[in-house]
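Protein chains in written order, with the working numbering: chain A, 72 to 216; chain B, 72 to 216.
There are 2 protein chains.
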Amino acid sequence: MRIGELARHAACPVETIRYYEKEGLLAAPRRSSANYRDYGPAHLERLAFIRRCRSLDMSLPEVRTLLEAIERPGGDCAPVDALLDEHIGHVATRIAELARLKEELDAIRAHCAGARPAKSCGIIETLSRPAAKRAARRSHVRGAK
Amino acid sequence: MRIGELARHAACPVETIRYYEKEGLLAAPRRSSANYRDYGPAHLERLAFIRRCRSLDMSLPEVRTLLEAIERPGGDCAPVDALLDEHIGHVATRIAELARLKEELDAIRAHCAGARPAKSCGIIETLSRPAAKRAARRSHVRGAK
DNA sequence: GCTTGACCCAGTACCCGCTCCAGGGTTTGA
DNA sequence: TCAAACCCTGGAGCGGGTACTGGGTCAAGC
Chain A
72 MRIGELARHA ACPVETIRYY EKEGLLAAPR RSSANYRDYG PAHLERLAFI RRCRSLDMSL
132 PEVRTLLEAI ERPGGDCAPV DALLDEHIGH VATRIAELAR LKEELDAIRA HCAGARPAKS
192 CGIIETLSRP AAKRAARRSH VRGAK
Chain B
72 MRIGELARHA ACPVETIRYY EKEGLLAAPR RSSANYRDYG PAHLERLAFI RRCRSLDMSL
132 PEVRTLLEAI ERPGGDCAPV DALLDEHIGH VATRIAELAR LKEELDAIRA HCAGARPAKS
192 CGIIETLSRP AAKRAARRSH VRGAK
């Protein structure tokens, strides 16, 4: 199967497949005489796994760790469990952070009822004042917009 | 005041201040004879505003829009209100997405009680199956790790 | 007057996870 | 035979900085 067909089966852009190969997440397939990549079912399975993990907001290093744990012959799944637990923790943390953020934004928004001269707008004034202390983000799960 | 002092007052890395100047968010200050940047209180006020907005997860284009709305003489604050409403909407959307994601991750995690051979681990099997459909993220608020 | 260390400058490369582009070659169907 | 659709490599770009190189400057102590 050529890269376009693999891309359709895995619902993954062609460029992303080449990128995964470059990053060592997906094994380089053999090439046709015209130098086209030629994939088999194992590649599709592996790519689907990667895409599924990505859809769960795992980073590529995390996916790599999972793939290595799976490939390791005779290994148990304890590292997989640990990685998943940690990832779930990150997601929970980010949810809590965003909930606090939303409270703060709602409070700021309440300072203005609309259409007043900018100089006397309570929102602008509030935005100019220092924030209540919030924990810094250090984790990889993406934010809000 | 030199850039280091401004950085301390605003709790903002020096490099970031230079970056904001390059991006046109912070006006270029006058220079000392040794070509050092020389800031006044207005710069600190403006930088504090930018940092406050960033701490609320606004993007730099959003901050730019706010700054322009504030600077516009005689303008009212309706655009500010609108921007804030939109941003709050993005945050709420991201919270909902992450909550769904966490449910899915919890469900996957429940498939393994630990320390089984990787081949028979329910997590790995689940990760290999296609995901339930979830809405794609298109918004700027960051995710979970 | 000289040294030491803290500070400042400009410019560039790097992070992630792609995405898009340029400029070519190949395959497929009409 | 020709066009459209596909494939290739290599490189640049996104946001929002961070880090580094290789210099210049300043203030204090000796």
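Note that the Cβ used here is the ideal one computed from N, Cα and C, for glycine as well.
Model, not experiment: these values are computed from the prediction.
Mind checking residue 107 of chain A: buried by the 16 CB within 10 Å criterion, or exposed?
exposed
Compare the beta carbon distance of residue 127 of chain B and residue 166 of chain A with 8 Å and say whether it is the shorter of the two.
no
Less than 8 Å between the CB atoms is what I'm expecting for residue 172 of chain B and residue 134 of chain A, so what's the real figure, rounded?
With a Cβ gap of about 15 Å, residue 172 of chain B and residue 134 of chain A do not count as contacting.
Which residues in chain B sit within 8 Å of residue 70 of chain A, going by Cβ to Cβ distance?
Residue 70 of chain A is absent from the model: chain A starts at 72 and stops at 216.
Taking Cβ-Cβ distances shorter than 7 Å, what residues in chain A pair up with residue 88 of chain B?
In chain order: nothing, as chain A lies at least about 17 Å away.
Using a Cβ-Cβ cut-off of less than 8 Å, list which residues of the region 103-119 of chain B approach chain A; keep chain order.
116, 119
Any chain B beta carbon closer than 8 Å to residue 158 of chain A:
yes
Whole-angstrom distance between residue 192 of chain B and residue 113 of chain A, CA atom to CA atom
19 Å
Checking the sheet assignment: what are the DSSP bridge partners for residue 109 of chain A?
A:101
Return no unless some Cβ of chain A is closer than 8 Å to the Cβ of residue 131 of chain B.
no
Could you spell out where the alpha helix (DSSP H) holding residue 176 of chain A opens and where it closes?
149-180
How many Å lie between residue 103 of chain A and residue 77 of chain A at the Cα?
15 Å
Considering only C-alpha positions, which residue in the set B:97, B:115, B:196 is nearest to residue 72 of chain B?
B:115
As assigned by DSSP and simplified to three states, the class of residue 213 of chain B:
strand
Nearest CA to the CA of residue 83 of chain B: which residue from B:109, B:121, B:110, B:101?
B:121
Measure the C-alpha to C-alpha separation of residue 123 of chain B and residue 199 of chain A and round it to an integer number of angstroms.
7 Å
Do residue 176 of chain B and residue 194 of chain A have their CB atoms nearer than 8 Å?
no
Collapsed DSSP secondary structure at residue 200 of chain B in the structure displayed
coil
Helix, strand or coil at residue 135 of chain B according to DSSP, with G and I counted as helix:
helix
Is it true that the CB of residue 137 of chain A sits closer than 8 Å to the CB of residue 117 of chain A?
no
Between which two residues does the alpha helix (DSSP H) carrying residue 92 of chain B extend?
85-93
Judging by CA-CA distance, which residue of A:180, A:181, A:129 is the nearest neighbour of residue 157 of chain A?
A:129
So that I know if they touch, is there some Cβ in chain B lying closer than 8 Å to that of residue 216 of chain A?
Its pLDDT being 45, under 50, residue 216 of chain A is placed unreliably in this model, and the value from its coordinates should be taken loosely. Closer than 8 Å: yes.
Quick check: is the beta carbon of residue 192 of chain A nearer than 8 Å to any beta carbon in chain B?
yes
Chain A partners of residue 180 of chain B, CB-CB under 8 Å?
152, 155, 156, 159
For residue 74 of chain B, which option in B:101, B:95, B:94 has the closest C-alpha, if you only look at C-alpha atoms?
B:101
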